[in-house]
Amino acid sequence: MNGNLFTFEYEPSTIHHGPGIVGNLESVLDRHDLSRALIVTDGNLSEVPVVMDPVENGASDRLVGTFDGVTPEKYLKTAYEGARRVRDEEIDALIALGGGSSLDIAKQISVLVGHDRPLDDVVDEILEREAMLLPEEGVQLIDIFAVPTTLPGADLSQVAGIKLSLDPAGQAKSEIPSAGVSDSRLMPTVVFHDLELFATTPERVLARSAMNGFDKGIEMLYTKHHNPITDGTAVRGVRLLYEGLPAITAESTSEDDLARIVRGIAAAQYGLSTPNAYRASVIHSFGHAIARNYEVQQGVAHAIAAPHVLRYLFEQVDGRRDLLAEAFRVQDETATAEETADAVVDAVAATRDALDLPSQLQTIEGTERSHFPDLARAVIEDPFMDAGPRRLEATQSDIESVFERMW
Numbered sequence: 009m010n011g012n013l014f015t016f017e018y019e020p021s022t023i024h025h026g027p028g029i030v031g032n033l034e035s036v037l038d039r040h041d042l043s044r045a046l047i048v049t050d051g052n053l054s055e056v057p058v059v060m061d062p063v064e065n066g067a068s069d070r071l072v073g074t075f076d077g078v079t080p081e082k083y084l085k086t087a088y089e090g091a092r093r094v095r096d097e098e099i100d101a102l103i104a105l106g107g108g109s110s111l112d113i114a115k116q117i118s119v120l121v122g123h124d125r126p127l128d129d130v131v132d133e134i135l136e137r138e139a140m141l142l143p144e145e146g147v148q149l150i151d152i153f154a155v156p157t158t159l160p161g162a163d164l165s166q167v168a169g170i171k172l173s174l175d176p177a178g179q180a181k182s183e184i185p186s187a188g189v190s191d192s193r194l195m196p197t198v199v200f201h202d203l204e205l206f207a208t209t210p211e212r213v214l215a216r217s218a219m220n221g222f223d224k225g226i227e228m229l230y231t232k233h234h235n236p237i238t239d240g241t242a243v244r245g246v247r248l249l250y251e252g253l254p255a256i257t258a259e260s261t262s263e264d265d266l267a268r269i270v271r272g273i274a275a276a277q278y279g280l281s282t283p284n285a286y287r288a289s290v291i292h293s294f295g296h297a298i299a300r301n302y303e304v305q306q307g308v309a310h311a312i313a314a315p316h317v318l319r320y321l322f323e324q325v326d327g328r329r330d331l332l333a334e335a336f337r338v339q340d341e342t343a344t345a346e347e348t349a350d351a352v353v354d355a356v357a358a359t360r361d362a363l364d365l366p367s368q369l370q371t372i373e374g375t376e377r378s379h380f381p382d383l384a385r386a387v388i389e390d391p392f393m394d395a396g397p398r399r400l401e402a403t404q405s406d407i408e409s410v411f412e413r414m415w
């Protein structure tokens with residue numbers, strides 16, 4: 009492939025950044041001629057006034073109510089219940105408040121209500137096909153306004169995942185099929201990066217989510233879909249996060265430190281999700297295999313996996329290690345290729361350790377070495393693997409070895 013030839017089509021959200029910025033919600037909704045907004049969040053966050061009050065006050069009389077059925081598992085059941093409420097109450101805007109799960113459910117709600125037929129019929133077909141169904145092209149989907157309070161870097165994205173079950177009680181997590189959806193109509197209309205809301209999130213939650221966002225920037229650099237524009241934003245994002253993330257676990261994170269981290273997350277994910285490519289890849293495939301089979305948060309799975317996955321990549325391909333070294337400011341013109349790879353891996357491990365996150369797979373309840381063959385197959389079959397570095401050929405034995413290393 010000629011590296012000088014590329015196409016980059018990207019229509020990101022409008023980003024509003026700053027302390028107290030959600031106070032502008034009503035005026036932004038008014039600018040888009042929207043008058044009936046519904047907050048989509050989880051039950052825990054809906055009981056936290058320091059988070060809810062600024063959003064509710066910001067939306068003012070444009071706010072119809074709150075749907076707080078979101079869970080980390082992101083079941084179709086939740087999206088279905090939210091979609092029924094949207095139709096019943098004639099909602100014309102969704103305010104996705106909280107972590108990546110709230111944003112994913114808001115997107116899946118918009119997919120369901122975009123179909124011009126009964127919701128029960130749509131859901132029945134989804135379950136039968138074991139795949140989400142997008143409304144016909146040209147159908148305008150409901151506007152989404154993202155108000156993240158964590159740092160996974162999911163807000164400048166047109167993709168969303170979901171677990172396909174209307175009755176998940178009693179089912180093993182690994183037995184419920186997963187599905188994803190990607191469409192440019194699912195890119196949030198506006199994102200509010202409100203520093204005061206991020207500051208309300210406990211440091212351990214921010215740290216876990218930040219590892220996920222951090223890895224997105226890393227993967228932007230070695231994906232086969234990289235281009236000079238995404239290289240520029242990703243290098244800047246990774247650098248800001250490498251320098252700023254240790255502040256999360258400090259006794260007190262200053263507004264300036266938090267602003268640097270939030271800017272880093274925005275830059276790291278800028279251009280990640282476009283109509284023709286999604287640039288998260290191998291680390292995310294390992295993270296999916298772990299998080300979808302055990303009761304563990306995605307960022308924790310990434311913390312355990314990332315250094316070992318990078319080591320594996322550098323053994324197989326170049327992985328654009330020189331550019332990664334530039335992002336981490338560990339480049340050395342006299343270093344060998346192996347030394348450059350070591351420096352990058354060490355920088356990632358140091359960031360994980362600064363966030364006080366786990367480093368061993370065996371710390372996750374329920375994991376066993378006997379599971380490695382199944383986990384390896386899940387990695388290889390994960391659709392995100394296709395976005396990995398060119399010439400990477402993942403084999404069952406190699407992937408199992410990576411799990412051995414992280415054990």
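Under this note's numbering, the first residue of the sequence shown is numbered 9, with each subsequent residue one higher.
Think of the CB as a built atom: it goes at the ideal place given N, C-alpha and C, for glycine as much as any other residue.
With a threshold of 7 Å on Cβ separation, who are the neighbours of residue i within its own chain once the five nearest residues in sequence on each side are excluded?
i              : result
isoleucine 152 : Leu102, Ala104, Ala114, Lys115, Ser118, Pro196 and Thr197
threonine 359  : Phe222, Tyr250 and Leu253
arginine 399   : Val325
With DSSP as the reference, please indicate the residues paired to residue i in a beta bridge.
i             : result
serine 186    : Lys171
aspartate 382 : Note: aspartate 382 sits in no beta bridge, so no partner.
aspartate 151 : Ala101
histidine 201 : His25
serine 281    : Tyr286
proline 315   : DSSP, once it has assigned bridges, lists no residue as partnering proline 315.
proline 156   : Gly106
Can a CB atom of chain B be found closer than 8 Å to the CB of residue i?
i             : result
glutamine 306 : Judged by its chain identifiers, the structure shown contains no chain B, having just a single protein chain.
Between the alpha carbons of residue i and residue j, how many angstroms are there, rounded?
i              : j                 : result
arginine 329   : histidine 201     : 31 Å
aspartate 390  : valine 131        : 24 Å
leucine 383    : histidine 296     : 10 Å
threonine 157  : isoleucine 29     : 13 Å
leucine 111    : isoleucine 99     : 16 Å
threonine 86   : proline 126       : 17 Å
threonine 22   : phenylalanine 294 : 31 Å
glycine 161    : valine 317        : 20 Å
serine 281     : serine 405        : 31 Å
alanine 395    : threonine 15      : 16 Å
valine 261     : threonine 209     : It is threonine, not valine, that sits at residue 261 in the sequence shown. So the two alpha carbons sit approximately 11 Å from each other.
arginine 70    : glutamate 376     : 51 Å
tyrosine 18    : threonine 238     : 11 Å
methionine 414 : aspartate 361     : 15 Å
arginine 287   : asparagine 220    : 13 Å
valine 72      : aspartate 61      : 14 Å
leucine 205    : serine 378        : 42 Å
glutamine 368  : alanine 311       : 9 Å
aspartate 350  : arginine 319      : 8 Å
leucine 229    : valine 59         : 34 Å
serine 43      : glutamine 339     : 52 Å
glutamate 334  : arginine 300      : 33 Å
histidine 234  : asparagine 12     : 11 Å
serine 182     : aspartate 38      : 43 Å
glutamate 347  : glutamate 263     : 36 Å
lysine 232     : leucine 120       : 32 Å
threonine 371  : aspartate 129     : 43 Å
glutamine 148  : arginine 337      : 44 Å
CB residue i to CB residue j, shorter than 8 Å?
i                 : j             : result
arginine 268      : glycine 279   : no
valine 78         : glycine 122   : no
glycine 26        : leucine 135   : no
glutamate 97      : glycine 66    : no
threonine 257     : glutamate 211 : yes
phenylalanine 380 : glutamate 412 : yes
arginine 95       : leucine 46    : no
proline 283       : leucine 164   : no
glycine 245       : alanine 276   : yes
alanine 154       : valine 213    : no
leucine 142       : aspartate 76  : no
proline 397       : leucine 331   : no
asparagine 32     : histidine 24  : yes
leucine 363       : alanine 274   : no
Report all residues from its chain with a CB closer than 8 Å to the CB of residue i; omit the five preceding and five following residues, and keep chain order.
i              : result
glycine 188    : Met140, Val167, Ala168, Gly169, Ile170 and Pro391
glutamate 138  : Leu172, Pro185 and Ala187
methionine 393 : Ser289, Val290, Ser293, Val387 and Ala402
Beta-carbon within less than 6 Å of residue i's beta-carbon, same chain only, minus the 5 sequence neighbours each way: which residues are those?
i             : result
glycine 374   : Tyr302
arginine 216  : Gln305, Gly307 and Val308
proline 315   : Val353, Val356 and Ala357
aspartate 326 : none
tyrosine 83   : Lys171, Ser173 and Pro176
alanine 255   : Thr261 and Asp265
serine 109    : Val78, Pro80 and Lys82
valine 243    : Ala335
leucine 194   : Lys115 and Gln166
glycine 90    : Phe75 and Ile117
Counting only runs that start and end within the segment 9-67, where is the alpha helix (DSSP H) found for 4 or more residues in a row? The segment 9-67 contains these whole alpha helix (DSSP H) runs: 33-39 and 57-67.
Those runs of the alpha helix (DSSP H) which lie wholly inside the segment 64-145 and span at least 4 residues: 84-96, 108-121 and 127-137
What alpha helix (DSSP H) runs, 4 residues minimum, are completely inside the segment 311-378? Annotation: the segment 311-378 contains the following complete segments of the alpha helix (DSSP H) (minimum length 4 residues), in chain order: 329-336 and 345-362.
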